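K.L.:
Here it is, the structure, as structure tokens.
Residue numbers (mature numbering (1 follows the signal peptide of the UniProt record, and there is no 0)): -21 to -1, 1 to 166.
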């Protein structure tokens, strides 16, 4: 019995240490906006994978590398890029799925004695869904993503590379885009 209690005590002490000694966990962001416009009109704008620069205020330009691959050049300092691949467009359900396949390194720091890149967005393994549906005479657009932070090592995590930083960055991108889409569609 004494041995059993020692094992239980050791497990209770070790469990918090094991729980914090892991890499990143999958994060999710979901933002919605209701637009006073017909769903078909909104869908026509969103499904054009080459035209995000027409409605997202952070995108300077889009270069299509293939029918389903775009390179976004952003308006921020240094004009960083994001490469995205369109996986699926469903006109019947008014939905699309895409993923990030590459990003610019905007800076590199030395952290824990090794070079650590900072990418355009602090995310990795990013996949996104957009859905358009009719609601009360207007349109609801839902934009969802699942991703990991870009810093894949165990803690400590460099400044700006934590799970919360990745969630905040994607949330900011989504809110700005959806707000501007609403403004454009309601003109």
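Virtual Cβ for every residue (Gly too), placed ideally from N, Cα, C. No experiment lies behind these values; they were computed from the predicted model shown.
For residue 31, which residues of its own chain have a beta-carbon under 7 Å away from its beta-carbon, when the five flanking residues on both sides are left out?
P.N.:
In the chain shown, counting from the first residue as 1, residue 31 sits at position 52. Excluding residues within five positions, the ones whose Cβ falls inside 7 Å are 38, 41, 51.
K.L.:
Tell me the start and end of each unbroken beta strand (DSSP E) in the segment 81 to 156 that is at least 3 residues and wholly inside, in chain order.
P.N.:
Fully enclosed beta strand (DSSP E) runs of 3 or longer: 84 to 90, 93 to 98, 102 to 114, 117 to 128.
K.L.:
Just checking, does the segment 22 to 30 make contact with the segment 139 to 151 on the three C-beta pairs under 8 Å criterion?
P.N.:
Look at the beta carbons and you see the segment 22 to 30 not touching the segment 139 to 151: under three pairs across the two are nearer than 8 Å.
K.L.:
Tell me the residue span of the beta strand (DSSP E) that contains residue 10.
P.N.:
Within the chain shown, numbered from 1, the residue matching residue 10 stands at position 31. Note, residue 10: beta strand (DSSP E), 6 to 14.
K.L.:
Suppose only complete runs of 4+ residues qualify. What are the alpha helix (DSSP H) ranges in the segment 18 to 65, listed by chain order?
P.N.:
18 to 26
K.L.:
Taking DSSP as the reference, what is the three-state secondary structure of residue 161?
P.N.:
Within the chain shown, the letter at position 182 stands for residue 161. In the structure shown, residue 161 sits in a helix (DSSP, three-state: H, G or I).
K.L.:
Please classify residue 36 as buried or exposed, where buried requires at least 16 other C-beta atoms within 10 Å of its C-beta.
P.N.:
Along the chain shown, read from residue 1 onward, the residue named residue 36 stands at position 57. Exposed.
K.L.:
Report whether the distance from the Cβ of residue 152 to the nearest heavy atom of the ligand ADP is below 7 Å.
P.N.:
The ligand ADP is absent from the structure shown, which contains no ligands of any kind.
K.L.:
Taking buried to mean at least 16 other C-beta atoms within 10 Å of its own C-beta, is residue 81 buried or exposed?
P.N.:
By 1-based counting over the chain shown, the position of residue 81 is 102. Per the 10 Å Cβ criterion, exposed.
K.L.:
Using CA atoms only, rank isn't needed, just tell me which of 77, 97, 115 is closest to residue 85.
P.N.:
As a first step, residue 85 must be located in the chain shown, where it is residue number 106. Checked all of 77, 97, 115; the closest Cα to residue 85 is 97.
K.L.:
Could you say which of 45, 99, 113, 6 lies nearest to residue 17 if we only look at CA atoms?
P.N.:
On the chain shown, position 38 is the one that residue 17 refers to. Checking every option, the nearest Cα to that of residue 17 belongs to 113.
K.L.:
How about residue 34 and residue 160: are their beta carbons less than 8 Å apart?
P.N.:
Position 55 of the chain shown, counted from the start, is the residue given in the question as residue 34. Position 181 of the chain shown, counted from the start, is the residue given in the question as residue 160. Cβ distance < 8 Å, so residue 34 and residue 160 count as in contact.
K.L.:
Nearest-angstrom Cα distance between residue 155 and residue 70?
P.N.:
On the chain shown, position 176 is the one that residue 155 refers to. On the chain shown, position 91 is the one that residue 70 refers to. Looking at the two C-alpha atoms, the distance is approximately 25 Å.
K.L.:
Under 8 Å, do residue 61 and residue 99 count as touching if we go by C-beta distance?
P.N.:
Within the chain shown, the letter at position 82 stands for residue 61. Within the chain shown, the letter at position 120 stands for residue 99. Closer than 8 Å, so yes.
K.L.:
Is the Cβ-Cβ distance between residue 109 and residue 53 less than 8 Å?
P.N.:
By 1-based counting over the chain shown, the position of residue 109 is 130. By 1-based counting over the chain shown, the position of residue 53 is 74. No, Cβ-Cβ distance for residue 109 and residue 53 is not below 8 Å.
K.L.:
Using only CA atoms, which one of 78, 130, 63 lies nearest to residue 93?
P.N.:
Within the chain shown, residue 93 is the residue found at index 114, counting from 1. Residue 130 is the option with its Cα nearest to residue 93.
K.L.:
Please report the Cβ distance between residue 102 and residue 77, rounded to the nearest whole angstrom; I am assuming they are in contact, meaning their Cβ atoms lie under 8 Å.
P.N.:
As a working note, residue 102 is residue 123 in the chain shown. As a working note, residue 77 is residue 98 in the chain shown. In fact, because the Cβ distance is near 13 Å, the residues do not count as touching under 8 Å.
K.L.:
Roughly how many angstroms separate the alpha carbons of residue 163 and residue 147, rounded to a whole number?
P.N.:
Residue mapping note: residue 163 aligns to position 184 of the chain shown, counting from 1. Residue mapping note: residue 147 aligns to position 168 of the chain shown, counting from 1. Between the alpha carbons of residue 163 and residue 147 lies a gap of roughly 24 Å.
K.L.:
Is any beta-carbon of chain B found at less than 8 Å from that of residue 132?
P.N.:
Here chain B cannot be found, since the structure has a single protein chain.
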